[in-house]
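Read through the structure below, which is laid out as structure tokens, and then see the notes.
There are 2 protein chains.
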Amino acid sequence: MDGIYDVTTLTAGQYSAVSNILSFGFASMLATTIYLYLSQARVLPKYRQAIVISGTVTLIALYHYWRIYDSFKASAHMDGETFNEAYRYVDWLLTVPLLLLETIAVLALPAANRKSLIARLVPASAAMIVLGYPGEIAAENGPKMMWGALSTIPFLYILYILFVELTKSLEKQPAEVSATVKRLRLLLIATWGVYPISYLMPVLGIDGANAFVGRQGLTIYKIARLKSAADDASYASAEGMH
Amino acid sequence: MDGIYDVTTLTAGQYSAVSNILSFGFASMLATTIYLYLSQARVLPKYRQAIVISGTVTLIALYHYWRIYDSFKASAHMDGETFNEAYRYVDWLLTVPLLLLETIAVLALPAANRKSLIARLVPASAAMIVLGYPGEIAAENGPKMMWGALSTIPFLYILYILFVELTKSLEKQPAEVSATVKRLRLLLIATWGVYPISYLMPVLGIDGANAFVGRQGLTIYKIARLKSAADDASYASAEGMH
Chain W
1 MDGIYDVTTL
11 TAGQYSAVSN
21 ILSFGFASML
31 ATTIYLYLSQ
41 ARVLPKYRQA
51 IVISGTVTLI
61 ALYHYWRIYD
71 SFKASAHMDG
81 ETFNEAYRYV
91 DWLLTVPLLL
101 LETIAVLALP
111 AANRKSLIAR
121 LVPASAAMIV
131 LGYPGEIAAE
141 NGPKMMWGAL
151 STIPFLYILY
161 ILFVELTKSL
171 EKQPAEVSAT
181 VKRLRLLLIA
191 TWGVYPISYL
201 MPVLGIDGAN
211 AFVGRQGLTI
221 YKIARLKSAA
231 DDASYASAEG
241 MH
Chain V
1001 MDGIYDVTTL
1011 TAGQYSAVSN
1021 ILSFGFASML
1031 ATTIYLYLSQ
1041 ARVLPKYRQA
1051 IVISGTVTLI
1061 ALYHYWRIYD
1071 SFKASAHMDG
1081 ETFNEAYRYV
1091 DWLLTVPLLL
1101 LETIAVLALP
1111 AANRKSLIAR
1121 LVPASAAMIV
1131 LGYPGEIAAE
1141 NGPKMMWGAL
1151 STIPFLYILY
1161 ILFVELTKSL
1171 EKQPAEVSAT
1181 VKRLRLLLIA
1191 TWGVYPISYL
1201 MPVLGIDGAN
1211 AFVGRQGLTI
1221 YKIARLKSAA
1231 DDASYASAEG
1241 MH
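Just so you know, the protein sequences line up as chains W and V, in that order.
Just so we're aligned, residue 1 is where the first sequence starts under the numbering used here, counting upward by one.
Just so we're aligned, residue 1001 is where the second sequence starts under the numbering used here, counting upward by one.
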């Protein structure tokens, strides 16, 4: 079927490997979500929103892993279900804007600056996902390429904001925070680097992308910890941070 | 099927016994997870991360008990599912590095020392699990032995770090903490002593290993309590500790 993985042709070994990958993703997201929710108190109140949003992103990813796994098993057992790989887009439509939101939130920028960045990043990321979806479900390469190209326009705009505009704000951040945000930015790019690959390999696609989602959650946490330590020495000394 | 337990040949008594073992494991992990999460406040803030990681490890183990039980039941009822015993490796790939991480975290060592231990223990433990997996799913004894032997290399390296390098750090810890960490170290070894057994007896394998995981979580909690009491007398007196 168009753009749909024929799950019924998998060997027992392949079926088991895909099950294990999806299950690994689910368990990682579960662990990261709970860890982030329970670690809120370890950062200053103004950074807690970013941590809660990070936990919410991994919670949404966890839910979609479960949906995809369920759809995968049901279609492999041929009980009238076809494997719905497009759940990935539902996941991304929620998680990608939130990931950008949490990246901006954790920096605790001046309000005007923050609002301006969010007002442009969030719609751009939603547009990127929405424009990618028709390409994903298209049967032919023509429309696939066209929607892929359209989806690249907001993607390039996001890159411009992250690598040009955000760089100015980073100059005012402590050195270690600035370095970690730069790594986070690369992680965001890596997440979407997985995006074209997942056109071809849906199951591994979501796993690759969401593996980065979990890492991003933990990186946001790290930035919040570093900034808490920079703002308030008691948050550093209590944890043996330098 | 290769490396797969034929669940359909079990007698009713055997099926019931395995179900009860898996259910016991699930219930123990559930209880330990909630206990650890709710007991965070009883240790000093700097030891709380170790407690939260411990709870997360038992949460991951809990999830895998449920998955394995589900796969076991589905395959016994012959509804097109084969028993996926390899979930154990997915579980271990997440929990074993985290167990080592929490062991180091609870000691609250100086940052450089801690980072160096973690940077070696975590990749070594992941390598140990990843190298064991092909042996687990191999049909013949030749590759089984080869992967088992390869997986033993990082295992020996971990033993070296825990028993030689960590011993130096223990000299600076209070006597009771040092004694408890030594017990924890033995528990870690016991966990992996179960590992070769589980090559032969998959269902009992995960139960043995995860029974130790639950104990390790509670031992980490004990160490955090002892260290809180050593660092701050108010944490001891509030609990009637000496």
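All C-beta atoms, glycine included, are put in the ideal place defined by N, C-alpha and C.
- The Cβ of SER71 of chain W sits no closer than 8 Å to any Cβ of chain V.
- Taking a Cβ-Cβ threshold of 8 Å, none of the residues of chain V is close to SER178 of chain W; the smallest such distance is about 20 Å.
- Under the three-state reduction of DSSP output, LYS172 of chain W falls in the coil class, being neither helix nor strand.
- Around the beta carbon of GLU1081 of chain V, 16 or more other beta carbons lie within 10 angstroms, which makes this residue buried.
- Interface flag for LEU100 of chain W against chain V is unset, since no Cβ pair is found closer than 8 Å.
- A Cβ-Cβ contact shorter than 8 Å links TYR65 of chain W with MET29 of chain W.
- For the pair GLN1173 of chain V and VAL1181 of chain V, the CB atoms are nearer than the 8 Å cut-off.
- Between LEU1131 of chain V and LEU1100 of chain V, the CB-CB gap reaches or exceeds 8 Å.
- Assignment of PRO123 of chain W by DSSP, reduced to helix, strand and coil, places it in the helix class.
- Against chain W, the beta carbon of ARG1067 of chain V has neighbours under 8 Å at SER23, listed in chain order.
- By the criterion of at least three beta-carbon pairs nearer than 8 Å, the segment 95-109 of chain W is in contact with the segment 215-222 of chain W.
- With its beta carbon less than 8 Å from one in chain V, ILE34 of chain W belongs to the interface.
- Scanning chain V for C-beta atoms nearer than 7 Å to the C-beta of SER19 of chain W yields ASN1084, reported in chain order.
- Per the coordinates, the alpha-carbon of SER1023 of chain V lies some 48 Å from the alpha-carbon of SER151 of chain W.
- Just measuring C-alpha positions, the residue of W:TYR160, W:ALA112 and W:GLN14 sitting nearest PHE72 of chain W is W:GLN14.
- Rounded to the nearest whole angstrom, the CA to CA distance from PRO1097 of chain V to ARG1042 of chain V is 25 Å.
- Its chain contains SER1178 and VAL1181 as the residues whose beta carbon lies nearer than 7 Å to that of LEU1170 of chain V, once the 5 sequence neighbours on both sides are disregarded; these appear in chain order.
- Of all residues in the segment 29-59 of chain W, only LEU30, ALA31, THR32, ILE34, TYR35, LEU38, SER39, ALA41 and ARG42 place a beta-carbon less than 9 Å from a beta-carbon of chain V.
- Rounded to the nearest angstrom, the gap between the Cα atoms of PRO1154 of chain V and SER1125 of chain V is 7 Å.
- Contacts with chain W at 8 Å (Cβ-Cβ) do not include HIS1077 of chain V.
- In the three-state reduction of the DSSP assignment, MET145 of chain W falls in the helix class.
- By the neighbour-count criterion, in which 16 or more other beta carbons inside 10 Å mark a residue as buried, SER1016 of chain V falls on the exposed side.
- The three-state reading of DSSP puts THR32 of chain W in helix, counting H, G and I together.
- Contact check for ILE118 of chain W against THR95 of chain W fails: the beta carbons are separated by 8 Å or more.
- For LEU1121 of chain V, there are no neighbours in chain W by C-beta distance under 8 Å, as the nearest C-beta there is about 18 Å away.
- The alpha-carbon separation between GLN1040 of chain V and ASN1113 of chain V amounts to approximately 25 Å.
- HIS64 of chain W sits in a helix when the DSSP states are folded into three classes.
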